[in-house]
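J.: Pasting a structure here, questions to come.
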Amino acid sequence: MDDKVRAHPYIPNSVPEIKRRMLEDLGVAGVEEFYRDIPEELRLRRPLDLPEPLRSEHELKRHVAAILAENQPAGKLLSFLGAGCYQHHVPAVCDEVNQRAEFLTAYAGEPYDDHGRFQALFEYASMMGELLDMDVVNVPTYDGYQAAATALRMACRITGRSEILVARPIAADKLSRIRDYCKPEISCRLIPCEAGGARLDLECLRREISPRTAAVYFENPCYLGPIEIRGATIADLAHDAGALCVVSVDPISLGVLAPPAHYGADIVCGDIQPLGMHMQFGGGQAGFIATRDDPRFVMEYPSRLFGIAPTRVAGEYGFGDVAYERTSFAAREGGKEWVGTAAALWGITAGVYLALMGPHGMREIGESIMTRTRYAMMRLARVEGITLPFYDLPHFTEFVVNFDRTGLTVRQVNDRLLEAGIHGGWDLSGEFPELGRSALYCVTEVHSQDDIDRLARTLEEVI
Amino acid sequence: MNPELTAIRGPIVKPALRRFHQARWDEPIIFELSRPGRRGILVPEAEPRMKAAVGDPMAGIPDNMRRREPPRLPELSQPQVVRHYLRLSQENLGADLNIDVGQGTCTMKYSPKIHEQLARLPEVADLHPLQDEATVQGILEIMYRFEQILKEISGMERFSLQPRAGSAAIYAAASMIRAYHESRGEAGRRDEIVTTIFSHPSDAACAATAGFKVLTLYPDDDGYPDIGALKAALSGRTAGLMITNPEDTGIFNPRIREFVDLVHDAGGLCFYDQANANGILGITRAREAGFDLCHFNLHKTFSTPHGCGGPAVGALGATADLAGFLPVPLIEWDGRRYRLDYDRPESIGKVNAFYGVPPVVLKAYAWVMSLGAEGLREVAEIAVLNNNYLLRKMLAIRGVSAPYARGRHRIEQVRYSWKQLADETGVHSEQIGLRAADFGVHYWTSHHPYIVPEPCTLEPTESYAREELDEYAAILAHVAEEAYNNPEIVRSAPHNSTVHTIDHSVFDDPEKWAVTWRAYLRKHGVKQG
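In the order they appear, the protein sequences are chains A and B. Residue 165 in our numbering is what sits at position 165 of the first sequence, and the numbering runs on without skipping anything. Just add 1000 to the spot in the second sequence (first one is 1) and you have our numbering.
Structure representation (structure tokens):
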């Protein structure tokens, strides 16, 4: 084949003539000379055994699209899955901004050539700060799991204590992350749910809390959907013992529910996926951590914190890293935990989301979700054979549905729903065997009354 | 050239360097654009019948658990939001715009656009991670296939694609090392991790976070990590080695196998930080060097976009002996269908939520499929050729050197030193970088501490044309000459950027720092609105 034709479109210097001339300029016979430091026994002297490449973009697209066609996206059917990843409407502007190549392909530029990245992330933190009513918010970490795990390690460093009390209900996977992350230096004790309940057992918390306790951790809304309306009581218990109150919150609830800072939370964390990220099979998660602007707290963040500063031109804003010396970038193992690439683009996107929604949008979406959740609970409660064990508690976006009286497993119910084009709720029987054959159903602003009625009718037919 | 135009303008002569000026919108903070009542998007309201059926949706929630005042978010119309963020995007210099060879260690290569299209299809974007496995066979297949690819590239037995970036993978590796020693009843005893100063800071930081004491090796005169120091560091307390190779200097440690064997003999495990493996794809592998664990940053070597700092994936590989400790779930193929396997009793558990960032895996898979074995080898070879080409260009510039391994070739990057220039002119590496920004390119010094004085780290990857490498070198040559002849223009840079010199003193002062707009208004006495 003509040499010129063989060049790979992604590799400008793969034109054989160019490559040859560059080697010539360097006075080397071939690229092998660059690898002289690599001993022969470490050299791979055979081609990698990889699939044949798809040379053209068209063939590549066809190949990948054909594999992806095996997927049946929940977002295209009717889905009631939540449990940490939520189907909300993603405003078109969010996608427009996060696919801008200037943001998408940037990385670690200085505050001068990447002014836009710094400002967008500063604004993200600022808008989250308003939503949470807190003054310090980090550049996002990987996900809500990591945010919770880091918040708890921060609490231990701040208090100088090494025991944390983690309230059930909590997702088993999230608890697994927290346990692994805290293991090196922190003892993690679990506060069970109240008997037959969906919220933490306050009496047990009273018994377990002690001067050793660094933090009490709970989620609001609870993992099983009820809103923890006893937030202030729990925070008071923590504070009376000299411990911090760490709350993981669904940020999309905060247009209608009190931000945890109002009932005494010291560190607030969670996942911003609901704020403008597609579900992406879990790829849209990103974690936030927020505190008051107290140096005792600020100096314990591992994350980057972007601050605003004047420049030498009056009225011009510049940005930079606040208290950089605390990070592992500056101090390696002497830094707080570590910092690195995480989920910055989703932070920018959540900022766009909050800017679009504004105060009224956040209140309305909260009300809309509250209404739909309650409606779905009311409607499903009328389905013969189904019970909603926590019906009397106020809920946000998720609730437990029990199928014990149907004689069917959740798996069987879900298989039948799927045949009707519906993804049923998340099967809780592995995580919460005490709830019997139960599933966690999720309803958001995308679910119309017809959608909910269709779910109820389908359940009536299949169980 | 059009002769008429030439007649009017005279012969058109481009200056040697680009007359760049970055966008400067002087864009306000978004809160300053707010006016009461403006809306950016409307929310689907609950249907009237639904509302009527439900009544007060807030019933049962006590007053102190309700939001009393709306969050003070900005109020903007949709076109204003779009304009604001597009202006900010213009004030950002992504890799698609600049000759991004100045961000060494980070492998700023081209991220093909077709991948972005594919990853944004509803068949990826609208997948819920807890869907029935039968309905996500496509994405599981992509992830499974990509694992097979990484196994071949590294020689490892299994991979977890769950860590959401490189450091998450490094931490998971440290957790696995701990779990391994626990499984042998040596948990408390083996509490030291050895790393090198030219390995990424996260190798040290993640090990420390995982509860290990960190011992750091420094380079010998040739730039290799000191093997004598390694021997002295090893003992019955050794849990493992976490190391990069080639290191941030671009120098490949030829005695790496010996390092690994020494650590193994001491009872430790070896983790190979291959965040950046761009120069050695198909050339040398973790397996042949004897490593137990390794990881690849898909947003570096495997082309997925860096996204201003994520989302990303740190793919974590393990030998057969260590695979049991990998995070759950792994993806299995039984000949008919793909499934998520949680039944792995020795696993360290979850590292991140769900399965990490599958769209990033998809992009990396597409990248490998567009290249194949021969193409990957070409990537490595051209990346190394480009680097050595740039090295030669750089060494022709006054005041710069490439410490260690003098006269020898490098793999994929070089850590340069402007010490001579700084000594002779008083201009520092950071200032050179800020002046380079005036010509539209990124430039980075190095991780801390600055073992190489006045450092800068260049990594050209395979994505830049020879002419572009020439342009980058010409920019630095120009700035170096300015440092000697007109140092003030360098010291006062940048001149053509979005903003002017920032007052950094506020960032370390608790009285003045402000991480949010509300904190800024409070501390600096500015009234909102």
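Just so you know, even glycine gets a beta-carbon here, dropped at the ideal spot from N, CA and C.
#1: Rounded to a whole number of angstroms, what is the C-alpha to C-alpha distance between A:V246 and A:L152?
#2: Taking Cβ-Cβ distances shorter than 8 Å, what residues in chain B pair up with A:A420?
#3: Drop a sphere of 10 angstroms on the beta-carbon of B:I1149, count the other beta-carbons inside from all chains shown, and report buried for 16 or more, exposed for fewer.
#4: Pair every Cβ in the stretch 362-370 of chain A with every Cβ in the stretch 443-462 of chain A, then say whether three or more of these pairs are closer than 8 Å.
#5: Mind checking who B:Y1338 pairs with in its DSSP beta bridge?
#6: When you compare the CB of B:K1014 with every CB in chain A, is at least one pair closer than 7 Å?
#7: Just to confirm, is the Cβ distance from B:G1593 to A:L68 under 7 Å?
#8: Check whether chain B comes within 7 Å of A:T458, counting only Cβ atoms and requiring the distance to be less than that.
#9: Under a three-way DSSP split, which group does B:V1414 fall into?
#10: Might you give, ordered along the chain, the residues of its own chain that have their beta carbon closer than 7 Å to the beta carbon of B:E1141, omitting 5 neighbours on each side?
#11: Could you have a look at B:P1225 and say whether DSSP puts it in helix, strand or coil?
#12: So which residues on chain B does A:R363 lean against when the C-beta distance must stay under 8 Å?
#13: Name the DSSP beta bridge partners of A:Y317, please?
#14: Give me, in chain order, the residues of the same chain whose beta-carbon lies closer than 6 Å to that of B:E1332; leave out the 5 immediate sequence neighbours on both sides.
#15: Measuring alpha carbon to alpha carbon, tell me which residue in B:R1049, B:K1014, B:A1095 is nearest B:P1305.
#16: Please state the DSSP three-state secondary structure of B:K1213.
#17: According to DSSP, what are the bridge partners of A:A215?
#18: Pull up the DSSP beta-bridge partners for B:G1307, would you.
#19: Who are the neighbours of A:D25 on chain B, taking C-beta pairs under 8 Å?
#20: Evaluate the contact criterion for the stretch 67-81 of chain A versus the stretch 1074-1085 of chain B: three or more CB pairs, one atom per stretch, below 8 Å.
#21: Within the stretch 1103-1181 of chain B, note down every full alpha helix (DSSP H) run reaching 4 residues or more, in order along the chain.
#22: If you check the beta carbons only, do B:G1155 and B:R1285 fall under 7 Å apart?
#23: Closest to B:N1387 by C-alpha separation, out of B:A1465, B:G1433, B:S1370, would be which residue?
#24: I want to see whether chain A comes within less than 7 Å of B:P1074, judged by CB atoms only; does it?
#25: Interface residues of chain B around A:C269 at Cβ under 9 Å?
#26: Which full runs of the alpha helix (DSSP H) of 4+ residues lie inside the stretch 1459-1524 of chain B, going along the chain?
#27: In whole angstroms, what is the alpha-carbon distance linking B:L1521 and A:E102?
#28: If you measure between the beta carbons of A:S248 and A:C269, is that distance less than 7 Å?
#29: The beta strand (DSSP E) with B:M1242 in it runs from where to where?
#30: Between the beta-carbon of A:F390 and the beta-carbon of A:P192, is there less than 7 Å?
#31: The stretch 266-296 of chain A: which residues have C-beta closer than 7 Å to a C-beta of chain B, in chain order?
#32: Measuring alpha carbon to alpha carbon, tell me which of A:I289, A:H423, A:R117, A:V137 ends up nearest B:D1132.
#33: Using a Cβ-Cβ cutoff of less than 8 Å, which residues in the same chain neighbour A:G307 once the five nearest sequence positions on both sides are dropped?
#34: Could you work out which residue in B:E1186, B:R1408, B:L1017 is closest to A:V28 when comparing CA atoms only?
#35: In whole angstroms, what separates the C-alpha of B:V1506 from that of B:T1196?
#36: Which residue wins for smallest C-alpha separation from A:V313, given the options B:R1018, B:R1184, B:F1212, B:D1026?
T.: Considering the structure as presented:
#1: 7 Å
#2: Within chain B, no residue comes near A:A420; the closest Cβ sits about 13 Å away, beyond 8 Å.
#3: buried
#4: yes
#5: B:W1333, per the DSSP bridge assignment.
#6: no
#7: Given a span of 1001 to 1529 for chain B in the structure shown, any question on residue 1593 of chain B remains unanswerable.
#8: no
#9: strand
#10: Y1338
#11: strand
#12: R1067, P1070
#13: A:P310
#14: R1339, D1341
#15: B:A1095
#16: strand
#17: A:I164, A:L244
#18: Per DSSP, none; premise fails for B:G1307.
#19: Ordered by position in chain B, the residues that pass the 8 Å Cβ test against A:D25 are Y1389, R1392.
#20: no
#21: DSSP runs (the alpha helix (DSSP H)) wholly in the stretch 1103-1181 of chain B: 1113-1119, 1122-1125, 1137-1154.
#22: Closer than 7 Å, so yes.
#23: B:A1465
#24: yes
#25: Ordered by position in chain B, no residue passes the 9 Å Cβ test against A:C269, which lies about 13 Å from the chain.
#26: 1466-1485, 1487-1491, 1517-1523
#27: One C-alpha to the other measures close to 29 Å.
#28: A distance below 7 Å separates the beta carbons of A:S248 and A:C269.
#29: 1238-1244
#30: no
#31: When C-beta distances to chain B are compared with 7 Å, the residues of the stretch 266-296 of chain A below that value are H278, M279, Q280, F281, G282, G283, Q285, D293, P295, in chain order.
#32: A:H423
#33: Exclusion of the five residues before and after A:G307 leaves F122, F319, G320, D321, V322 as the residues of its chain whose Cβ lies within less than 8 Å of its Cβ.
#34: The option with the nearest alpha carbon to A:V28 is B:R1408.
#35: Roughly 33 Å between the two C-alpha positions.
#36: B:D1026
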